[in-house]
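Below is one structure, written out as structure tokens, with a few remarks after it.
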Amino acid sequence: MASLHTLFVENLLAQKEDVFRDLILVLSKGTSEARIAAANLLFHYWPILNPHILHRKTIQYRVQGGITWTSIPCQNLKCTDKELSVRYCFNPVISIKLGETAPPILLCKKCAEMVEDEKKSETKPICMPMSTSSNLICQNKGCESSNRLALGICFSEDCIRSHQYIPLRLCQECLIALHSMNKKEHMKHCGIESAWGTNLERDIVEAIVKLLKETSANIEGLETEGKRPKWLRQLEGGYTLGREIDKMTDERRALSRFGVWLLAAVCAPVPEARPQLIAYMMSMLFQWFATTALLPNDPIGSELEQLKTDFASDWINLAVSNHYQNFIETLMPNPPEYAQVGGVWDKLSTKKDQMREGLNKLLAIMPYDIITLNTWNRLIPHWMQSICELIKDDDFSEFKILLSKIFEPDLCPLPFNSDQLYQFIIDRLTNGNEMDISNALDWIYTLSMMEISIPFSILLDTFSSCATRLSQMELKENNENDLEEEHVAFHVAMIDIIAHQMALNDVCQQDVDTVAEKIFSTCAIILHKPYSRCKHNCDNPELDEFLDCSACQQSAVVYQTVATLLEKLCPKQELRISVHADE
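Using numbering that gives the first Met the number 0, you'd call the opening residue of the sequence shown number 0 and step up by one each time.
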């Protein structure tokens, strides 16, 4: 089958223009099986044209199967040598007389010479098969160019006659020199250096996305298959004798590498590129980062992983430089419509699924020095706010694993220290307005509910500064006897968070001396600020005093929590040794 592919494409190249576009359309609109052949053929006949990429990275690809086509033996029935055919003749008399076949008849060199000499009939040369090895160097014997990188192929007889009728790969200078003086137009083919501004722009972008999707689609397909009942898979032919016959082949697993190469070669994220198309490809590339991280550590998985550092990371960093706003929007919890591609966006999904996959994308690109501190401080507040507003408490366990990988010091792949990691919270608590403080406390409380520990020293210092600042802020006063829930909640939240984080940081008795003074100091500062925004009295006739007064109830919670902290830090009968009788 592979030899038929090369035969078909080379015959097209000899007769038709825009075969490059045809292969791109197969990649963008064809089936997975068709893409395997089309991608290999595209990169075989139009190798990577970007010299900057070639000089820095090694590109390795091959024609699928590694087999080229071969010419058939001579069709002359009287031929004794039966050599491979090298010429053909369209004369119907010759075809019937020598081969008893319809024209054209394919002849070896000896029989072709006999037909021309004795029969006085014209024969034409057959274009011989091109080598399956990707030759990137100009094959013109007289080439004197300083840059011999092959950029095109010529199939016309005038050019290939001196090359044993094998199509000739030519550099830029030879392409111009050999064809500038020709009266007859040669059948030559060149790739493109950049897709932007061409009529193939959208098709190439779609081809890249479809190639990147192949790995994701196959992984998701296997995951879905594993969740279905075994009897149903057996009934539908998914298993035979206990072995799965529809496994993802190496070719389909590795198909996305062609998408990465095409992305780096012809779709550089230059400033003049269309921002929506850059974001579209960038979003799919992030999805590819996340799904390829799930591949096994075999040769294919290692090869795809290497592409991230060799090509994908450089492309993303250039996209960040030239299209930063699109980069930010793509990684937001609610990406724009043009960035909703791949994964959950290609099927019906819940908001929870979309956010979980979005966090997976963010986490997948963190180890590659793509997320800077400025980017982190712009992205993570939106994520924390979306989690607080949209994710139910029952679903916290699903997000706990992802957020732990981001915030836990031993797991975090970001190159930031703890102060930088929590800078987005620190800035809001120490410099933000009431809404900023309220949001930041919600985020810390959510992390605490997910049992994610925050460095205690950072937490206490920030709360101390926040409480001091609250005492200096001019807050909007509520009417007397109003419930005053928002302002009271600051104190409740801070004290409650300190209690939770004390348990999560595992402050044992040996560490009490180092933290007790700071905890007491922080709590004292928090309690020093009056809870109410005006003088508070529980004398509203419509209320049952304490039972209906939210301010009083929350004040009680604060003091009870502080009392509990006090017991932990200064336990009664500290030196008492209890001995329990054996049962």
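No residue lacks a Cβ here, since even glycine has one placed at the ideal position from N, Cα and C. This one's a predicted model, so the numbers in the text were calculated from it and none came from an experiment.
C-alpha distance - residue i paired with residue j, whole-angstrom precision
| i | j | result |
| --- | --- | --- |
| N39 | T30 | 14 angstroms |
| E328 | D435 | 21 angstroms |
| S447 | M383 | 13 angstroms |
| L358 | L401 | 7 angstroms |
| T122 | I104 | 10 angstroms |
| L3 | K109 | 27 angstroms |
| Q559 | F519 | 14 angstroms |
| A439 | I424 | 5 angstroms |
| M449 | T563 | 21 angstroms |
| P72 | L83 | 4 angstroms |
| D418 | L284 | 30 angstroms |
| I525 | E566 | 19 angstroms |
| P124 | C137 | 22 angstroms |
| Q14 | S130 | 19 angstroms |
| V114 | D309 | 56 angstroms |
| W195 | E271 | 8 angstroms |
| I47 | T5 | 19 angstroms |
| E243 | E213 | Note that E243 scores 42 on pLDDT, short of 50, meaning its location in the model is unreliable; the coordinates nonetheless yield the value given after this. Using only the alpha carbons, I get a separation of about 19 angstroms. |
| A338 | S161 | 51 angstroms |
| L347 | G341 | 12 angstroms |
| A289 | I23 | 26 angstroms |
| G236 | D394 | Since pLDDT at G236 reaches only 46, below the 50 mark, its modelled position is unreliable, and the value read off the structure follows with that caveat. Going by the C-alpha atoms only, they are around 36 angstroms apart. |
| I496 | L362 | 26 angstroms |
| S385 | P334 | 13 angstroms |
| D249 | I299 | 7 angstroms |
| T100 | K77 | 14 angstroms |
| I165 | N139 | 12 angstroms |
| I521 | F489 | The question names Ile, but residue 521 is Thr in the sequence shown. Spanning the two alpha carbons is a distance of roughly 14 angstroms. |
| L459 | P380 | 21 angstroms |
| T467 | I369 | 37 angstroms |
Three-way DSSP call (helix, strand, coil) for residue i in this model
| i | result |
| --- | --- |
| H188 | strand |
| G342 | helix |
| I104 | strand |
| P454 | coil |
| D245 | Bear in mind that the predicted position of D245 carries a pLDDT of just 42, short of 50, making it too unreliable to give a figure here. |
| L167 | strand |
| I370 | coil |
| K404 | helix |
| K360 | helix |
| L97 | helix |
| I390 | coil |
| P124 | strand |
| C153 | strand |
| P72 | strand |
| L199 | coil |
| I136 | strand |
| L3 | helix |
| L83 | strand |
| C78 | coil |
Endpoints, alpha helix (DSSP H) assigned at residue i
| i | result |
| --- | --- |
| R147 | It is not in any alpha helix (DSSP H) - R147 carries neither H nor E in the DSSP assignment. |
| Y44 | 31 to 44 |
| C173 | 171 to 178 |
| C584 | Given that the chain is displayed from residue 0 to residue 582, the structure contains no residue 584 and the question cannot be resolved. |
| Y444 | 433 to 448 |
| Y87 | No alpha helix (DSSP H) contains Y87, which is instead part of the beta strand (DSSP E) from 86 to 88. |
| S255 | 255 to 265 |
| Y323 | 323 to 329 |
| Q422 | 422 to 430 |
| S120 | Counting along the chain, S120 falls outside any alpha helix (DSSP H), and DSSP gives it neither H nor E. |
| S27 | 18 to 28 |
| N296 | Run containing N296: none; DSSP gives neither H nor E here. |
| L413 | No alpha helix (DSSP H) holds L413; DSSP gives it neither H nor E. |
C-beta atoms of residue i and residue j nearer than 9 angstroms
| i | j | result |
| --- | --- | --- |
| N321 | A278 | no |
| Q163 | M127 | yes |
| L199 | G258 | no |
| L303 | A253 | yes |
| F19 | W45 | yes |
| S630 | E205 | Lying outside 0 to 582, the shown extent of the chain, residue 630 is not represented and no answer is given. |
| L135 | C153 | no |
| W287 | S312 | no |
| D441 | A492 | yes |
Below-9 angstroms beta-carbon distance, residue i vs any chain C residue
| i | result |
| --- | --- |
| T5 | Any reference to chain C falls outside this structure, which holds one protein chain only. |
For residue i, the first and last residue of its enclosing beta strand (DSSP E)
| i | result |
| --- | --- |
| R273 | First-last for R273: undefined, no H or E at that position. |
Residue i CB to nearest heavy atom of the ligand PLP below 8 angstroms
| i | result |
| --- | --- |
| R86 | Questions concerning the ligand PLP fall outside what the structure shown contains, since it holds no ligand whatsoever. |
| If you pair each beta-carbon of the stretch 140 to 147 with each one of the stretch 83 to 93, do three or more pairs fall below 8 angstroms? | no
| Is it true that the stretch 341 to 353 meets the stretch 306 to 321, where meeting means three or more beta-carbon pairs spaced less than 8 angstroms apart? | no
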